[in-house]
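Counting along the sequence shown from 1, when you hit position 529 you're at 635 in the numbering used here, and nothing is skipped either side.
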Amino acid sequence: MCSMSMTGAGSKEGDFCMAPGHTPVRRAQAAEGGARRETHHMHLLSSCRAPLAALLLAATSLCTTTLARADALSPPVAAKKPRDVSVHGDRRIDDYFWLREKDDPAVQAHLQAEAAYAEAWYKPHEAFVDKLFEEMKGRIQQRDEAVPQRRGAWWYSSRTEVGQQYPIFFRRPAQGPQRVYDAQAPEQVLVDMNELAKTRKFVNLNAMTVSPDDRLLAYGVDSSGARDFELHVRDLASGEDRVIASTPHADAFVWAADSQTLFYIRHNEARRSHQLWRHRLGATTPDVLVHEEPSELFNLQLTQSLDGRTLMLGSMSKDTFDWRVLPADQPEGRWREVLPRKVGQEYAVTPFGGELLLRINDRGVNYRLLRLPMKAGKAGTGPLFSAQDLKRGRQLIAHRDDAMIESVAAFKTHAVAQMREGGSVKLRIYPMAGGAPREVAFTELAYNAVLTPQREFDAPRVRFAYNSLATPASTYEADLATGKLELLKVQPVQGGYDASLYASERLWVKAADGTQVPVSLVYRKDKRRAGPQPLLLYGYGSYGIPSDPRFASSRLSLLDRGVIYAIAHIRGGGDLGRRWYLDGKLAKKMNTFTDFVACAEALVAKGYTQPSQLIIHGGSAGGLLVGAATNLRPDLFKAVVAQVPFVDVINTMLDASLPLTTEEYIEWGNPNKADEYAWMRAYSPYDNLKPASYPALLAKTAINDSQVPYWEAAKYVAKLRTLNSSRSPVLFDINMTAGHGGASGRFDALRETARTYTFMLQQWGLLE
107 MCSMSMTGAG SKEGDFCMAP GHTPVRRAQA AEGGARRETH HMHLLSSCRA
157 PLAALLLAAT SLCTTTLARA DALSPPVAAK KPRDVSVHGD RRIDDYFWLR
207 EKDDPAVQAH LQAEAAYAEA WYKPHEAFVD KLFEEMKGRI QQRDEAVPQR
257 RGAWWYSSRT EVGQQYPIFF RRPAQGPQRV YDAQAPEQVL VDMNELAKTR
307 KFVNLNAMTV SPDDRLLAYG VDSSGARDFE LHVRDLASGE DRVIASTPHA
357 DAFVWAADSQ TLFYIRHNEA RRSHQLWRHR LGATTPDVLV HEEPSELFNL
407 QLTQSLDGRT LMLGSMSKDT FDWRVLPADQ PEGRWREVLP RKVGQEYAVT
457 PFGGELLLRI NDRGVNYRLL RLPMKAGKAG TGPLFSAQDL KRGRQLIAHR
507 DDAMIESVAA FKTHAVAQMR EGGSVKLRIY PMAGGAPREV AFTELAYNAV
557 LTPQREFDAP RVRFAYNSLA TPASTYEADL ATGKLELLKV QPVQGGYDAS
607 LYASERLWVK AADGTQVPVS LVYRKDKRRA GPQPLLLYGY GSYGIPSDPR
657 FASSRLSLLD RGVIYAIAHI RGGGDLGRRW YLDGKLAKKM NTFTDFVACA
707 EALVAKGYTQ PSQLIIHGGS AGGLLVGAAT NLRPDLFKAV VAQVPFVDVI
757 NTMLDASLPL TTEEYIEWGN PNKADEYAWM RAYSPYDNLK PASYPALLAK
807 TAINDSQVPY WEAAKYVAKL RTLNSSRSPV LFDINMTAGH GGASGRFDAL
857 RETARTYTFM LQQWGLLE
């Protein structure tokens, strides 16, 4: 089976690669100028906003929301409809709870009025938005092709064409006895997303996987942005495409070895991936429910081993991991649990050639790596291994307090570990037969390196992606035997980009409790002044996800205008390992926000910027970050950009009917418990707004967001306006078509970035 990555020539800047079958982090971090996608989100969205006059008419037809003349830039005023949401003796009155009712005409009128107000604010800057868009678009090599990868008799790749929004995924037959790649060989199109987009306002693929016999393609399509994926199977010879009607909400899927059986995962109304089903192509009998996860804290994941011999089903909470395995040639067999489930036990499995690599936290939070023969597993129906069996496994990598094993790729002769050490990624190659590892050397101080999905179990080389704040996305392969590197491709940046004109730095900042927190910066050397200058500080700090330094050609439009870009690698993220994450969640969540404030204060103290030039940016859970930081220090920031922000923490987490709520008690806390409520009450941005002079705000959201509903930002903006004594703009920019991933194909996403940057540059006084 070949599972294809949704990255490559078609990926947008800031996206991250997700292995097929992975359950996405629910409030995932925002990318540069747009919400970060869990997978390769594809949208076709030209203008989702109704004409201004029509919006104004709709807004003034109801008394709930009032809107003055848009050219006077008078913001909408949402009606107050008090609702008592008090718990645990803490009196809380929510005046804007009613904005949750999306289908209420009064709510629609208010959202339309907000959209009209935002458009009116942007109206004088339309020419600059267009200029910035063309500037950023001009750096993109529109006709581009990803580096191909071979699986069996085919080479797989993707490309984009001039003027087209979306990628085309295709393959070419391998040539000759050495199965080499020939760019002139006839191509077979797998999926042309531009064709899908012709009949959809929004299109997103979650995964593609080719059957073991190479004849069929399974892929999932979301047409709304709500993460409802429809499973398609395409005959690659005839092009016949059919929807598997029995598979609503197919979050992930894998083929069995017979190329006729598909396993897939369904989610429920709360978007929890909870059931594994088996479907046989052409069968007249109903699909079979194979496994159901009863706990609301867990989500299912589905994937397979690189050698294709083993299918793997993961059941994951935020602090407990559980895996089951099934031989791919036994589709009706029993899925065997690898280890007995134990609260707090986290492990991952990598089967290979009849053996198993086990990454487990039994000796410490940063994991160790064991090698176990599958034949040593117990016969029967229970777990394959016990805790006692682990003592007999061969340890490849010992636990270290200062280095975390993030992921492992297993090949026939070597294992490759991606590790997190000192705030940076390390790649180490371990011989399966034993011996000292080889480390892939990187020279930059602040960079990102990540193992990409591998294709061949017996491959002699491992592929990985590399980039930094100044180095464009690069594809490398390392020889497993020698460690020798080969650069396969550097993402072209049109317009004569010269990396030597830019400098990056890594600072260490003392947090409130004395912890040293890293900050990465990049700027254009000839624009660096002796004194303070405009600075954009980005942060996230949740779910253990690191905020690694990444290149974005669109960001050059800021750097070339004299802006410094900085990333705060705060606790709650995974930047310095698992402990870094644990020290920024639950009862310790406030560390995330005070770390961020400390980073901002240090950048001011060190002369990089000053409060009148400092803008902060975060999305989703990063929107929570910037909201909480603003409440702590509203005087420290010039402006705030909050994308699909998770700001109504208490109300959202008290509503168990909402997607994600119960499973994320382990991340934020359960507000039904008085002590945990107290943690969350201390930082919830919506609940901690108070009369103050607040910085300018751009809050961006989407109507179909199932992960952070639109009303969180809508309520936050409405309440903030009533308490804000400053005259700075407070904008609510809503996409009336998309979901959590935000707007559009590559060009639509770029225009959204141009709008966001225009807001920032206007605040800095850098509009030309």
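Note that the Cβ used here is the ideal one computed from N, Cα and C, for glycine as well.
Limits of the beta strand (DSSP E) - the one that residue i falls within
i, result
"S663", "That residue, S663, is in no beta strand (DSSP E); its alpha helix (DSSP H) goes 662-665."
"L533", "530-537"
"W260", "260-266"
"Y644", "641-645"
"E207", "Unbroken run through E207: none, as it is neither H nor E."
"Y202", "Element bounds for Y202: n/a, residue is neither H nor E."
"K633", "First-last for K633: undefined, no H or E at that position."
"I503", "500-503"
"I511", "509-516"
"Y582", "580-585"
Delimiting residues of the alpha helix (DSSP H) encompassing residue i
i, result
"W785", "780-787"
"G733", "727-738"
"M696", "696-711"
"I772", "771-774"
"R378", "No alpha helix (DSSP H) contains R378, which DSSP labels as neither H nor E."
Proximity below 8 angstroms, CB of residue i to CB of residue j
i, j, result
"T864", "F458", "no"
"R888", "S365", "Nothing about residue 888 can be reported from this structure: the residues present for the chain run from 107 to 874 only."
"I511", "R465", "yes"
"F752", "A727", "yes"
"A824", "Y223", "no"
"F359", "T315", "yes"
"A605", "A576", "yes"
"A555", "Y572", "yes"
"D741", "Y822", "no"
"A711", "I722", "no"
"V514", "L463", "yes"
"A584", "R567", "yes"
Buried/exposed call for residue i, threshold 16 Cβ in 10 Å
i, result
"Q894", "The structure shown does not extend to residue 894, since the chain is modelled only from 107 to 874, so the question has no answer here."
"D428", "buried"
"G541", "exposed"
"I503", "buried"
"L70", "Look at the range of the chain in this structure, 107 to 874, and you will see that residue 70 is not part of it."
"A178", "With a pLDDT of 43 at A178, under the threshold of 50, the modelled position of this residue cannot be trusted, and the question is left open."
"G326", "buried"
"P797", "exposed"
"R861", "buried"
"R142", "Residue placement at R142 is poorly supported in this model, since its pLDDT is 34, which falls under 50; the coordinates still yield a value, given next. Buried is the call here."
"S411", "buried"
"V286", "exposed"
"R612", "buried"
"S831", "exposed"
"P598", "exposed"
"I199", "exposed"
"K424", "buried"
"E220", "buried"
"V268", "exposed"
"K229", "exposed"
"H355", "buried"
Residue nearest to residue i in terms of C-alpha spacing, selected from the options
i, options, result
"G602", "P578, R612, G589, S401", "P578"
"G528", "Q407, D654, L665, K497", "D654"
"A252", "T558, S726, P543, A552", "T558"
"L664", "V213, A212, L238", "L238"
"A819", "K712, Q436, S790, L643", "S790"
"L395", "E375, A212, W441", "W441"
"F369", "E399, Q407, R348, D347", "Q407"
"P279", "Y272, A291, V268, Q271", "A291"
"Y671", "S180, P489, L586, S574", "S574"
"Y800", "K779, L826, F563, M786", "L826"
"M525", "K806, M538, A351, V546", "V546"
"L730", "I756, L720, C705, F853", "I756"
"T509", "N472, Y816, G258", "At residue 509 the sequence reads Ala, which differs from the Thr that was named. The residue with the shortest Cα to Cα distance from A509 is N472."
Closer than 8 angstroms to chain B by CB, residue i
i, result
"M314", "Here chain B cannot be found, since the structure has a single protein chain."
(message) Can you confirm whether the region 380-400 touches the region 446-456 when touching is taken to mean that 3 or more C-beta pairs between the two stretches lie within less than 8 angstroms?
(response) no
(request) Determine contact between the region 672-679 and the region 688-704, defined as no fewer than three beta-carbon pairs at a distance below 8 angstroms. (result) yes
(message) Taking 8 angstroms as the cut-off, does the region 680-689 touch the region 766-780 (at least 3 CB pairs, one atom from each stretch)?
(response) no
(message) Is it the case that the region 637-653 contacts the region 713-721, given that we only count it when at least three CB pairs across the two stretches are under 8 angstroms?
(response) yes
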